[in-house]
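Notes follow once the structure below has been shown.
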Amino acid sequence: MPSHEALAELGASLIAKLLIQKPSAVLGLATGSTPIAIYQRLVKCYQHGELSFQEVTTFNLDEYFGLSPENRHSYSAFMRRELFDHIDIDIKKAYLPTCGGTQNPIDVGEQYEALIANSGGIDLQILGVGSNGHIGFNEPGSSLCSRTRLKTLAESTMADNSRFFGVFDDQPQLAMTMGIGTILESKHALVVASGQQKAKAIKQAIEGPLSSYCPASSLQLHQRVTFIIDEDAASCLSEASYFRLCAKQKDKLTKRFEINRGW
Ligand code: GLP
Numbered sequence: 003m004p005s006h007e008a009l010a011e012l013g014a015s016l017i018a019k020l021l022i023q024k025p026s027a028v029l030g031l032a033t034g035s036t037p038i039a040i041y042q043r044l045v046k047c048y049q050h051g052e053l054s055f056q057e058v059t060t061f062n063l064d065e066y067f068g069l070s071p072e073n074r075h076s077y078s079a080f081m082r083r084e085l086f087d088h089i090d091i092d093i094k095k096a097y098l099p100t101c102g103g104t105q106n107p108i109d110v111g112e113q114y115e116a117l118i119a120n121s122g123g124i125d126l127q128i129l130g131v132g133s134n135g136h137i138g139f140n141e142p143g144s145s146l147c148s149r150t151r152l153k154t155l156a157e158s159t160m161a162d163n164s165r166f167f168g169v170f171d172d173q174p175q176l177a178m179t180m181g182i183g184t185i186l187e188s189k190h191a192l193v194v195a196s197g198q199q200k201a202k203a204i205k206q207a208i209e210g211p212l213s214s215y216c217p218a219s220s221l222q223l224h225q226r227v228t229f230i231i232d233e234d235a236a237s238c239l240s241e242a243s244y245f246r247l248c249a250k251q252k253d254k255l256t257k258r259f260e261i262n263r264g265w
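Right, dumping it as structure tokens:
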């Protein structure tokens with residue numbers, strides 16, 4: 003993708019296409035800076051009457067441990083600010099793996115897994131990638147079969163995310179996150195990444211060895227995954243010209259057969 007705007011446009015259009023085909027779709031949502039531009043475009047589509055979220059169910063990838071939804075640093079608050087407050091979603095069907103300090107994270111994880119299963123599973127999972135290759139908060143070394151659980155954040159993740167916290171804020175070092183096994187069960191995964199700081203993780207995810215030390219490389223096992231990345235994030239890929247060729251072919255075939263599958 004030539005720019006972050008183009009990335010957001012394509013990401014939003016894939017989500018919009020799904021919601022038009024299946025108004026009751028189950029979406030897996032991500033936080034972080036990268037998906038914000040996608041959410042802004044979805045809000046515009048809703049405001050223009052092109053999309054409704056009334057029947058949609060959402061599951062967020064992760065949430066800081068011990069933060070209440072009212073805390074402005076919580077991912078619940080992030081999602082309300084960036085998306086939920088601006089669309090017609092039924093907020094009772096917008097789930098996050100919230101776990102207060104007195105709740106047992108094992109119970110919360112199991113309940114979250116059951117909710118996802120009872121909803122029929124995630125149709126489309128949006129994913130950002132950490133500069134260390136994490137997806138959700140599955141840090142390097144996370145089991146490739148892991149389920150929703152409590153994780154200790156890596157030092158590099160704490161450093162990357164410190165920009166969201168003020169000097170007097172307590173930055174949580176623990177978070178609940180969907181597991182890699184949970185993410186791999188989504189029907190379609192949409193990975194969005196931009197910027198040079200993601201280039202190494204993207205190379206390892208797409209071309210590197212499958213390893214729990216780059217959790218995003220687990221997506222090589224996913225039945226259907228789409229990477230939407232800008233030139234900077236793609237800059238370390240050895241096979242970039244082949245991937246560009248594949249994208250062109252995919253465009254042509256999609257138009258010809260009017261379906262959107264992996265070619
Ligand atoms: C956080 C989130 C991840 C997200 C990552 C990248 O650590 N838990 O789900 O993918 O940030 O964020 P950004 O898009 O800001 O680079």
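If you read the sequence shown in my numbering, its first letter stands for residue 3, the second for the next number, and so on.
Ideal Cβ placement from N, Cα and C applies to all residues, glycine included.
Cα separation between residue i and residue j?
| i | j | result |
| --- | --- | --- |
| Ala-242 | Tyr-66 | 35 Å |
| Gly-34 | Ala-203 | 16 Å |
| Thr-100 | Glu-112 | 12 Å |
| Glu-7 | Ala-39 | 7 Å |
| Leu-255 | Thr-228 | 16 Å |
| Thr-60 | His-190 | 14 Å |
| Arg-43 | Arg-151 | 31 Å |
| His-307 | His-50 | Because the chain spans 3 through 265 in this model, residue 307 falls outside it and cannot be assessed. |
| Gly-143 | Ile-185 | 16 Å |
| Pro-217 | Leu-192 | 15 Å |
| Ser-148 | Glu-187 | 11 Å |
| Gly-264 | Ile-17 | Confidence is the limiting factor: at Gly-264 the pLDDT is only 48, short of 50, which leaves the residue's position unreliable and the question unanswerable from this model. |
| Ala-32 | Leu-129 | 6 Å |
| Gly-102 | Ser-164 | 21 Å |
| Asn-73 | Asn-134 | 26 Å |
| Pro-4 | Gln-198 | 13 Å |
| Ala-27 | Ile-124 | 8 Å |
| Gln-173 | Asp-253 | 43 Å |
| Ala-236 | Thr-104 | 43 Å |
| Glu-84 | Cys-248 | 33 Å |
| Phe-245 | Lys-257 | 18 Å |
| Phe-170 | Met-160 | 15 Å |
| Asp-109 | Gln-251 | 46 Å |
| Lys-200 | Met-81 | 23 Å |
| Gly-122 | Pro-25 | 14 Å |
| Gly-183 | Phe-259 | 32 Å |
| Phe-86 | Cys-238 | 35 Å |
| Pro-107 | Tyr-114 | 10 Å |
| Lys-19 | Cys-47 | 11 Å |
| Leu-29 | Phe-167 | 27 Å |
| Pro-37 | Ala-119 | 25 Å |
| Glu-11 | Phe-139 | 25 Å |
| Gln-175 | Ile-230 | 29 Å |
| Ser-70 | Tyr-41 | 23 Å |
| Ser-240 | Phe-55 | 40 Å |
| Gly-132 | Glu-141 | 9 Å |
| Ser-15 | Asp-234 | 22 Å |
Compare the beta carbon distance of residue i and residue j with 7 Å and say whether it is the shorter of the two.
| i | j | result |
| --- | --- | --- |
| Val-194 | Gly-68 | no |
| Asp-162 | Ser-196 | no |
| Tyr-97 | Leu-126 | no |
| Val-58 | His-88 | no |
| Leu-21 | Leu-53 | yes |
| Ser-219 | Leu-146 | no |
| Leu-212 | Gln-222 | yes |
Of all Cβ atoms in chain C, is any one closer than 7 Å to the Cβ of residue i?
| i | result |
| --- | --- |
| Ser-121 | Of the chains in the structure shown, none is chain C; there is only one protein chain. |
Could you check whether the Cβ of residue i sits closer than 6 Å to any heavy atom belonging to ligand 3?
| i | result |
| --- | --- |
| Leu-152 | Among the ligands in the structure shown, ligand 3 does not appear; only ligand 1 can be found there. |
Which residues are close to ligand 1, meaning CB closer than 6 Å to any heavy atom, in chain order?
So the residues near ligand 1 by this Cβ test are Ala-32, Thr-33, Gly-34, Ser-35, Thr-36, Leu-63, Asp-64, Gly-130, Val-131, Gly-132, Gly-138, Phe-139, Thr-159 and Asn-163.
Under 8 Å: do the segment 173–193 and the segment 48–66 share three or more Cβ pairs, one atom per stretch?
In short, these stretches touch, since the Cβ pair count reaches three.
Below 8 Å, can you find three or more Cβ-Cβ pairs linking the segment 203–216 to the segment 91–99?
Output reads no: the segment 91–99 does not touch the segment 203–216.
Taking 8 Å as the cut-off, does the segment 77–91 touch the segment 141–156 (at least 3 CB pairs, one atom from each stretch)?
No, the segment 141–156 does not touch the segment 77–91.
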